[in-house]
Amino acid sequence: HREGDVVEINGLEFGYSRKKPLFRGLDLRIAPGAMCGLLGKNGAGKTSLLRIMAGLLFPRAGSSRVLGLESGRRHPSTMADVFLVPEEFALPELSVKDYVDTRAVFYPRFDRAALDRALDELEVPGGGRLNSYSYGQRKKFLIAFAVAAGSRLVLLDEPTNGLDIPSKSRLRKLLIGSVSEERCFVISTHQVRDLASILDPVVILDNGKVLLDIDLETLGRRVTGTTVAEEPTEGSVLWYERVPGGYHVLEKNNGTASREVDMELLFNAVTQQPQRILPLLEA
19 HREGDVVEIN GLEFGYSRKK PLFRGLDLRI APGAMCGLLG KNGAGKTSLL RIMAGLLFPR
79 AGSSRVLGLE SGRRHPSTMA DVFLVPEEFA LPELSVKDYV DTRAVFYPRF DRAALDRALD
139 ELEVPGGGRL NSYSYGQRKK FLIAFAVAAG SRLVLLDEPT NGLDIPSKSR LRKLLIGSVS
199 EERCFVISTH QVRDLASILD PVVILDNGKV LLDIDLETLG RRVTGTTVAE EPTEGSVLWY
259 ERVPGGYHVL EKNNGTASRE VDMELLFNAV TQQPQRILPL LEA
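In this text, residue positions in the sequence shown follow this note's numbering: the first is 19, and each later residue adds one.
Structure (structure tokens):
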């Protein structure tokens, strides 16, 4: 146990049917100040794990604690400090003002000025009715509300789905400005490129377990990614993929300086060749 972790999951067992467990002995810690990227293939359990943290699903065995309390107990103090923005959601047919007036009371640190700034940043109109918004606008409104709620744990499930390219850029800027020493974000995505530049640490889920949990500084010291013109010979690099103009290569970083690593390349390498890549990353 690390003192002060926002999320502490130990030996988590969970599944929608007894015959097919989704998580088997999953362990995870998330510290304050993290912008934790939860990566995994479709069906890896990213959404389920977020819902367990939010107290909407319950472990069959093991524990999920948020700010020191079991998330499944849904203690009011925990619920005021957790905000989940699901991938699919329905918003009531209310004006923005009525929505804020009826929902903000559940979040003691809610900041109306922060909401206005976030809506402005994401270019969402502050007036009007929520049911008149497009899907992308509704999603951006809910993300802005999550940021303004002041919760210490913000869970975002596939937040870039349904957003256009300028909106994705604005979302990155908003999230970077919203993380603090007291609060953390857990962001699930399979669109790795959309958010790779802001995620730290990175957690990769596969086969019911945490395959990798690493901060970017450590990652960049262990491996590095480059592009080469010629196809690498077998065994000379850890992993490579064909890209326009050559090959994208993941190789061991033999220097001491931390280098940036392409997150999509890393994800493909780790999930397809774990026995080769993981020992180097976990050394």
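All C-beta atoms, glycine included, are put in the ideal place defined by N, C-alpha and C.
N- and C-terminal bounds of the alpha helix (DSSP H) containing residue i
| i | result |
| --- | --- |
| residue 222 | Segment 220–224 is the beta strand (DSSP E) holding residue 222; no alpha helix (DSSP H) there. |
| residue 231 | From DSSP, residue 231 is part of no alpha helix (DSSP H) but of the beta strand (DSSP E) over 227–232. |
| residue 30 | No alpha helix (DSSP H) contains residue 30, which is instead part of the beta strand (DSSP E) from 25–32. |
| residue 285 | 281–290 |
| residue 37 | Note, residue 37: premise wrong, no alpha helix (DSSP H); not H, not E. |
| residue 270 | Here residue 270 belongs to no alpha helix (DSSP H); instead the beta strand (DSSP E) covers 264–270. |
| residue 18 | A query on residue 18 cannot be resolved here, the shown segment of the chain reaching from 19 to 301 and no further. |
| residue 192 | 183–196 |
| residue 142 | That residue, residue 142, is in no alpha helix (DSSP H); it is neither H nor E in DSSP. |
| residue 70 | 64–71 |
| residue 211 | 210–213 |
Segment limits, beta strand (DSSP E) that includes residue i
| i | result |
| --- | --- |
| residue 163 | Premise fails: residue 163 lies in the alpha helix (DSSP H), 153–166, not in any beta strand (DSSP E). |
| residue 123 | Taken as a continuous stretch (DSSP letters only), residue 123 belongs to no beta strand (DSSP E), as it is neither H nor E. |
| residue 260 | 257–261 |
| residue 251 | Run containing residue 251: none; DSSP gives neither H nor E here. |
Residue from the options with nearest C-alpha to residue i
| i | options | result |
| --- | --- | --- |
| residue 112 | 147, 56, 222 and 171 | 147 |
| residue 83 | 171, 116, 135 and 161 | 171 |
| residue 95 | 80, 117 and 72 | 72 |
| residue 68 | 143, 179, 173 and 116 | 173 |
| residue 29 | 22, 44 and 139 | 44 |
| residue 303 | 125, 211, 161 and 300 | Not covered by the structure: residue 303. The range shown for the chain is 19 to 301. |
| residue 143 | 127, 70 and 115 | 115 |
| residue 80 | 65, 41 and 59 | 41 |
| residue 271 | 298, 136, 251 and 166 | 298 |
| residue 162 | 149, 182, 150 and 128 | 128 |
| residue 110 | 86, 149, 91 and 93 | 149 |
| residue 168 | 54, 58 and 98 | 98 |
| residue 225 | 36, 61 and 35 | 61 |
| residue 255 | 283, 263, 278 and 39 | 283 |
| residue 262 | 273, 275 and 248 | 248 |
| residue 278 | 227, 240 and 251 | 240 |
| residue 227 | 126, 58, 101 and 165 | 58 |
| residue 291 | 275, 253, 264 and 276 | 253 |
| residue 194 | 209, 145, 285 and 216 | 216 |
Assumed close pair residue i, residue j - CB separation to whole angstroms, cut-off 8 Å
| i | j | result |
| --- | --- | --- |
| residue 242 | residue 269 | 6 Å |
| residue 230 | residue 288 | 5 Å |
| residue 295 | residue 257 | 7 Å |
| residue 140 | residue 185 | 7 Å |
| residue 207 | residue 55 | 7 Å |
| residue 87 | residue 24 | 11 Å between Cβ atoms; not a contact. |
| residue 303 | residue 166 | Any question about residue 303 goes unanswered here, given that the chain covers just 19 to 301. |
Counterpart residues of residue i in DSSP-defined beta bridges
| i | result |
| --- | --- |
| residue 79 | 31 |
| residue 102 | 173 |
| residue 97 | Note: residue 97 sits in no beta bridge, so no partner. |
| residue 55 | 205 and 220 |
| residue 47 | 26 |
| residue 113 | 147 |
| residue 299 | DSSP lists no partner for residue 299. |
| residue 238 | Its beta-bridge partners do not exist; DSSP assigns none. |
| residue 84 | 25 and 87 |
| residue 243 | 268 |
Segment contact flag, the region 76–94 with the region 230–239, C-beta cutoff 8 Å, min 3 pairs: The region 230–239 and the region 76–94 do not touch, with fewer than three beta-carbon pairs separated by less than 8 Å.
Meets three-Cβ-pair contact criterion under 8 Å: the region 42–52 and the region 196–206: yes
Any 3 or more C-beta pairs closer than 8 Å across the region 98–108 and the region 153–172: yes
Inter-stretch contact at 8 Å, needing at least 3 Cβ pairs: the region 24–39 / the region 175–193: no
Meets three-Cβ-pair contact criterion under 8 Å: the region 52–65 and the region 114–132: no
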